[in-house]
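Chains as they are written, first to last, in the working numbering: chain A, 1 to 315; chain B, 1001 to 1321.
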């Protein structure tokens, strides 16, 4: 058979078509659940829980309005007596016999996610860059053991780690504070940052720095003016990985925060409407929450392999 | 790296006036050794404070009877009682079995799907990189958010999953519940985990496949080896180290799985999907049996630490390729 003789190196056109069709089919099936959630975000409450499930529906922003507001149900008479609605969302809510009572907690939760995410990313990348540079350029005693220790801390079961952290934070008054979460996420992320950045810095030829040293730069100047500019892409990729981790993290957040410092992942499942989960609002929150991740994944495409293997593989 | 720097050193030492330039460099600014320690110390200090100190504290607690919901009770030192309680508790063994079944079936499925996809994508059909990115999306999402939205998809009446199944098989959609039935729930968490993580295995396998030099296949072609033969004697053996890496990492991650399953089934129905992390969370944060749960946490730590050790060794070996 001539087709069988085709190796992986030069796949025959027929193999390519078959492979392509199969992969595309898998990709479409894989993306369907996500598309369903995005669609649900634009459904009305009744469309979201319709049977059979609705594929074609009248899009509405109700889910998003519900996500951002707290509403109370009123009698039609009461609503009729109110002054005319000022905004489109007031109008939308009143059509459902409700009145907006105030903003929901989603904005503070989103803010927490941002502050904790960026705070821990900045710290982890800062500490990670220094440590990675040292591991890459200097001879450090027991370097391999230290690197293993650093990585092993990331692999620990979060629920197990949370038990002593919970006790420690109670003593230090760090429970349910942003600072406490930033420190915790920094500790988890710094291990990834060290490993990833060591890989990136290893790739920068040493001669550049050595030339700078001969020119009279100090080590620190050489680091700042020669190494860091070369490592910018690596640092950015590392930062995005750290940010994604903090953004997505759930176990620590649900066990160690309850209000003040709560982030989005433990908040989203508990967006409740009348009678159970308010699915359009949950879907709207999920959509807003996931969009940055999708963008980052596309941005990071070339570095994904590196990120998931702690910098060991680079294609 | 070292081979590149050596000519440099040689060049410097050849110039008489600069023979001691390296010691001059060292005196300007901080010494290399000082910098090395200054740079590594903060990271180590942070990890000691956030990971190691609490860990040691937890080891101490595991020998006590501490219960946070009854902290008025005097703290008793119970020695190894917690440990023996856990090891003789049939429930804990059942949860460990549930966890083992989950780890084995999900990792197996992910290897089959992931490796299969990698083989297909490696055919480099047109547009493969776009579709690869789409396939990779699930693994970047928050497991908690994923677990939460799959509960909507799995709703017996309103969820599209049951509806699709009924379209293809004719089974009425409300006649079964993926998250509510003892027979189905363990497979449901495997399914969602595979949806999320098969791309991970795929990405690593793809790197393995791309590391095989073309000339090996060309040589096999010259020897008229069949495609089947080429797969068994070239492709598979050369991808195995990568596959092992993916398997070990997924096994570690799934062994400590908490977030996705907690939101999808929260261990139910009954305790059919109660993984050991969920048991631990209940003991520590619902029953507040801190002494007992510290001991259980240490058992999990030791297991993961051992697996992580092997993982890093493998990682370094693959890196050298």
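Note that beta-carbon positions come from the ideal geometry of N, C-alpha and C, so glycine has one too.
In the structure shown, residue 1268/B falls within a coil segment according to DSSP collapsed to helix, strand and coil. Taking the CA atoms as reference points, residue 312/A sits about 11 Å from residue 1245/B. Excluding sequence positions up to five before and after residue 1234/B, its CB lies within less than 7 Å of the CB of 1212, 1216, 1217, 1220, all in the same chain and listed in chain order. Close partners of residue 151/A in chain B (Cβ separation under 8 Å): 1308, 1312. If you draw a straight line from the Cα of residue 1241/B to the Cα of residue 1314/B, it is about 8 Å long. Distance between residue 68/A and residue 1316/B, taken at the CA atoms: about 48 Å. With fewer than 16 other Cβ atoms from the protein chains shown falling within 10 Å of its own Cβ, residue 1232/B counts as exposed. When secondary structure is reduced to three states using DSSP, residue 1283/B falls in the helix class. Boundaries of the alpha helix (DSSP H) around residue 134/A: 106-137.
Any Cβ of chain A closer than 9 Å to the Cβ of residue 1259/B would place that residue at the interface, and such an atom is present. In this structure, the CA atom of residue 1054/B is about 21 Å from the CA atom of residue 261/A. As a beta-bridge residue in DSSP terms, residue 103/A pairs with 69/A.
Of the residues 163/A, 179/A, 13/A, 217/A, the one whose Cα lies closest to the Cα of residue 1123/B is 13/A.
Of the other Cβ atoms in all chains shown, 16 or more fall within 10 Å of the Cβ of residue 248/A; this residue is therefore buried.
Put simply, of 15/A, 63/A, 18/A, 99/A the residue whose alpha carbon is nearest the alpha carbon of residue 287/A is 63/A.
Not a single C-beta of chain A is nearer than 9 Å to the C-beta of residue 1267/B. Within chain A, the C-beta atoms nearer than 9 Å to that of residue 1294/B come from 160, 163, 164, in chain order. At a cut-off of 9 Å, the C-beta of residue 1187/B has no neighbouring C-beta in chain A. For residue 1140/B, the neighbours in chain A by C-beta distance under 7 Å run, in chain order, 244, 293, 297.
In this structure, residue 184/A lies near residue 252/A, with their beta-carbon atoms less than 9 Å apart. The segment 1285-1292 of chain B makes contact with the segment 1066-1084 of chain B: 3 or more CB pairs, one atom from each, lie closer than 8 Å. Taken atom to atom, the span from the alpha-carbon of residue 1113/B to that of residue 1202/B is near 8 Å.
Close CB contacts of residue 25/A within its chain, under the 7 Å cut and outside five residues either way in sequence, are absent.
By the C-beta density criterion, residue 1310/B is exposed, having fewer than 16 other C-beta atoms within 10 angstroms. When the alpha-carbon of residue 163/A is set against those of 1251/B, 1282/B, 1303/B, the nearest one is in 1282/B. When rounded, the separation of the alpha-carbon atoms in residue 234/A and residue 296/A is 14 Å.
From the listed residues 1175/B, 1272/B, 1257/B, 1106/B, the smallest Cα separation to residue 1199/B is found for 1106/B. Inter-residue distance for residue 1051/B and residue 1057/B is about 10 Å (C-alpha atoms, whole angstroms). Secondary structure at residue 98/A: strand, using DSSP grouped into helix, strand and coil. In the displayed model, residue 1098/B falls within a helix according to three-state DSSP. Between residue 1259/B and residue 250/A, the C-beta gap is smaller than 9 Å, which places the two residues in contact. Residue 1172/B has a beta carbon lying at 9 Å or more from every beta carbon in chain A.
Annotation: the continuous alpha helix (DSSP H) that includes residue 1194/B extends over 1185-1210. Ranked by Cα distance from residue 59/A, the options 73/A, 72/A, 38/A are led by 38/A.
Taking C-beta separations shorter than 6 Å and ignoring five residues to either side along the sequence, the partners of residue 1178/B in its chain run 1154, 1184, 1188, following chain order. Taking the Cα positions, residue 1266/B is about 16 Å away from residue 267/A.
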